[in-house]
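Chains A and B, in that order, give the protein sequences.
Numbering follows numbering that gives the first Met the number 0, in which position 367 of the first sequence is assigned residue number 366; successive positions increment by one, without gaps.
Numbering follows numbering that gives the first Met the number 0, in which position 319 of the second sequence is assigned residue number 318; successive positions increment by one, without gaps.
2 protein chains.
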Amino acid sequence: MTTTPKKTHIQMLNEVNYNSIEMAPFRVVSVGSGNWGTCVAKIMAENTRENPLLFNQEVKMWVYEEEFEGRKLTDIINEDHVNAKYLPGIKLPDNLKAVPDLLEAVKDCNIIIFNIPHQFLEGILKQLKGNIHPKARAISCLKGLRVDENDVELLSDIITKELGIHCGCLAGANLAIEVANQKFSETTIAYPLPSDYVAGDLDDTVLYTLFHRPYFHVHIVEDISGVSIAGALKNIVAIGVGFVDGLQWGENAKASIMRRGLLEMIKFGELFKPDSKVATFCQESAGVADLFTTCTGGRNFKLAYRMAQTGKSANEIEEEMLNGQSAQGLITAKEIHELVKNRRLTDEFPLFETIYQILFHGVSIGILPYMLENKWSVSKPNYSG
Amino acid sequence: MTTTPKKTHIQMLNEVNYNSIEMAPFRVVSVGSGNWGTCVAKIMAENTRENPLLFNQEVKMWVYEEEFEGRKLTDIINEDHVNAKYLPGIKLPDNLKAVPDLLEAVKDCNIIIFNIPHQFLEGILKQLKGNIHPKARAISCLKGLRVDENDVELLSDIITKELGIHCGCLAGANLAIEVANQKFSETTIAYPLPSDYVAGDLDDTVLYTLFHRPYFHVHIVEDISGVSIAGALKNIVAIGVGFVDGLQWGENAKASIMRRGLLEMIKFGELFKPDSKVATFCQESAGVADLFTTCTGGRNFKLAYRMAQTGKSANEIEEEMLNGQSAQGLITAKEIHELVKNRRLTDEFPLFETIYQILFHGVSIGILPYMLENKWSVSKPNYSG
């Protein structure tokens, strides 16, 4: 089995040919208008209005056009200033402009925020290729990784590779509806400065000004790998927590699964993206805080909880609960299993592997403590002892 | 203001005069028989029975004698094998022997487990002084620190200082009733080998054999400072989480407070016990996992939750809820405030300080995001960015 060597983020960036960088005022577009997409666009529009020297006031938001209650969704957003379909009840700033045409939306924009479901990324990137501002920078709000049996790719690296633009990412303990209601939360933006950075370019200060709100605190790091890995693997951990909670094993057991999950996330970073930082997992909102929120509810937790309570299979519960949608953690658990198995690293991930076996091979949840115990010493390098 | 220089753990140990060390079979005593004391004694008795070459089978448990339903509590434990008052419904091994006399209990024992409420420690140590096995080793299951306005002392160091014996500690995400019911959990034991260690002495293997069960997984580290600090400061964080949950700010806000709390715990270690390890806070059961469980319930969380819901003061809620008992986090918040203020380090702990101000000076909970935002850059060295 040979693996094609993948380029590093930095190698890819070095191939991007920038000249001098567009200065302020920056023009911002959100590619995506689901609940989180609309919510982040709202935040940006609040900030562009307050910072007219740094940003063009109007924030554009690409909206996949659809009818809602007899009107076009873009009309509803632009006239009523509410995304009645995906974020009902939340007043949007009137400098947020819905645009149904993707290329029209991104035209002239030098800050592009990606906030669409994972499965649409490829198609969107194809349409955008060659049609964006040549000096644009990007931030991906998409969760996750592209994993195959040989390797792991960051979604931000895919954006960089396809469009030739530098791309960071944003993630954190950010349930969209809470942020939309301006309840206090924190987020993490991973944005290492590009190698062709010049004064006046997008940097920490510009990002902070664009995203930070009194109710939405931003912390900026460089570790895109750590943020991306945490965003993907947390969903597997949430399944494990759902299992033990469904069996009513109590708070200690839930905390144990979260802790072991955190250690395996760190280990995964260490083995597959050695540039990832332990501190990102342990101390950032996109790490430990997002793990907390993901493990206390959400689709992955609930699927596992119901499996434990009813004894039904993952497939049966998915059909009952999710109207044909998949729980992301289920897919990720399978992808990670195949990757680590292929790399002969299964023993490094006893929690992830056991969750995979429970999900896909009918193994009993009750085996979890035994599996973690047998593998107790394996992850020892992660521990402090 | 001058501060008396405190001896380090190692300095104190070097003053202890051991000769050769008592070998197996070790004789074990639990000083304390509350719910956690009884639960840990039960675990040890299960393990001593399975390892007769390493341990004397009988585990003694000092019980403060009292009447319960017309019988002596020690009689109930020794005849019915249940601690009907403090851990009702849990069958205890019959090799666990309740002893009402403290000195009789510890006699000949070379492993002494301390598991009593903090406030009784001083009195117990006075009685024990000069009356214990001269080569005994100790493990403290007491939570917390002794804090005054000048410095912080580990409870294990107090035990070492008073009795002249090496002392580690045990803590983790361990709600006693769940562990007693043999639901899966993990714990952390901090036990650096003493400077006079000789082969056959208490070590990681002996500790693992004494405490590890299929349902109670043990991980052993050296960082007593980190485990002790986490055990004390988590209670302040739980108050903060109770505040924001009481105001129904949602899961994001709770995760933010936990994350900021974790960072301030690490910062506290860095400033007051520089031998503490970041990994203990972030990756051990006694760190992040215990923080999870403490922040999802318990006395400190509930007190704060009720304050937020009712607008009443901490004192009023304490009187209503706790029957005259104090929430430990309330005391710790005050002690830590005084210490860091005296050391002019208040700015390093915006979360702890704001919680103190809310608890004791009627400051509004709503100020929390503002306080954390203003102090945003202060803790930056803790972050990975």
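We put the beta carbon where it would ideally sit given N, CA and C, even for glycine.
Asked, Found
"Where B/T292 meets chain A, residues with beta-carbon distance less than 7 Å", "E250, N251, A254"
"For A/G241 and A/N299, believed in contact at Cβ under 8 Å, the rounded distance", "7 Å"
"Extent of the continuous alpha helix (DSSP H) to which A/I112 belongs", "From DSSP, A/I112 is part of no alpha helix (DSSP H) but of the beta strand (DSSP E) over 110 to 113."
"Exposure of B/T283, with buried meaning 16 or more beta-carbon neighbours within 10 Å", "With the sequence shown as reference, residue 283 of chain B is identified as Glu, and Thr is not the correct amino acid for it. Per the 10 Å Cβ criterion, buried."
"Any chain A beta carbon closer than 7 Å to B/E372", "yes"
"Element boundaries [beta strand (DSSP E), containing B/Q56]", "54 to 61"
"Of the residues B/I357, B/K125, B/G365, the one placed nearest B/T159, counting alpha carbons only", "B/K125"
"Cut-off 6 Å between Cβ atoms - residues of its own chain near A/A285, not counting five sequence neighbours on either side", "A170, G171, T187, V226, A229"
"Interface residues of the segment 158 to 182 of chain B facing chain A [CB-CB below 7 Å]", "A172, N173, L174, E177, V178, K182"
"Partner residues on chain A for B/P87, Cβ-Cβ distance less than 9 Å", "Simply none; closest approach about 18 Å."
"Segment limits, alpha helix (DSSP H) that includes B/S227", "223 to 245"
"Neighbour list for A/Y214 in chain B, Cβ cutoff strictly below 7 Å", "P368"
"Three-pair Cβ contact test at 8 Å for the segment 261 to 275 of chain A versus the segment 202 to 219 of chain A", "no"
"Residues near A/I20 in its chain [Cβ-Cβ closer than 7 Å; skip 5 each side]", "For A/I20, the pLDDT reaches just 42, beneath the cut-off of 50, and the residue's location in the model is therefore unreliable, although a value from the coordinates is still provided. For A/I20, where only same-chain residues beyond five positions count, the Cβ hits under 7 Å are K134, V197, G199, D200."
"Contact the segment 94 to 114 of chain B vs the segment 36 to 46 of chain B: 3+ CB pairs below 8 Å", "yes"
"A/N55 versus A/K90: straight-line alpha-carbon distance, rounded", "21 Å"
"Cutoff 6 Å; reference B/A303; Cβ partners in own chain excluding five residues on either side", "I238, G241, F242"
"Sufficient close CB pairs (3 or more, under 8 Å) joining the segment 27 to 41 of chain B to the segment 112 to 119 of chain B", "yes"
"First through last residue of the alpha helix (DSSP H) which encompasses A/G31", "No alpha helix (DSSP H) contains A/G31, which DSSP labels as neither H nor E."
"With 16 other Cβ atoms within 10 Å as the buried cut-off, status of A/M60", "buried"
"Whole-Å CB distance - A/G167 paired with A/I138, under 8 Å assumed", "5 Å"
"Interface residues of chain B facing A/T295 [CB-CB closer than 7 Å]", "E250"
"Nearest residue (CA-CA) to B/T279, options B/Q118, B/I366, B/A189", "B/A189"
"Proximal residues to B/V339 (C-beta, below 6 Å), its chain only, five neighbours per side dropped", "T345, F348"
"CB contact below 7 Å: A/A303 versus chain B", "no"
"Alpha-carbon to alpha-carbon, A/L371 and B/K128", "41 Å"
"Start-end ranges of the beta strand (DSSP E) lying completely within the segment 131 to 208 of chain B, minimum 3 residues", "136 to 139, 144 to 146, 151 to 153, 166 to 170, 184 to 189"
"Those residues which DSSP pairs with B/E66 across a bridge", "B/K71"
"Chain-order list of residues whose beta-carbon lies under 6 Å from that of B/K276 (same chain, five-residue window excluded)", "D222, G225"
"Extent of the continuous beta strand (DSSP E) to which A/L95 belongs", "95 to 98"
"Interface partners of A/E57 on chain B, CB under 7 Å", "Simply none; closest approach about 27 Å."
"A/T292 classed as buried or exposed, judged by whether at least 16 other C-beta atoms fall within 10 angstroms", "buried"
"Contact list for A/V98 against chain B, beta-carbon separation under 8 Å", "Those do not exist, as A/V98 stays about 29 Å from chain B at its closest Cβ, beyond 8 Å."
"Against chain A: residues of the segment 183 to 206 of chain B by CB proximity under 7 Å", "F183, S184, E185"
"Own chain partners of A/G328 with C-beta closer than 7 Å, once the 5 adjacent residues on each side are dropped", "N234, I235, A237, I238, N299"
"Cross-chain neighbours of A/A288 in chain B, by beta carbon under 7 Å", "A254, S255, M257, R258"
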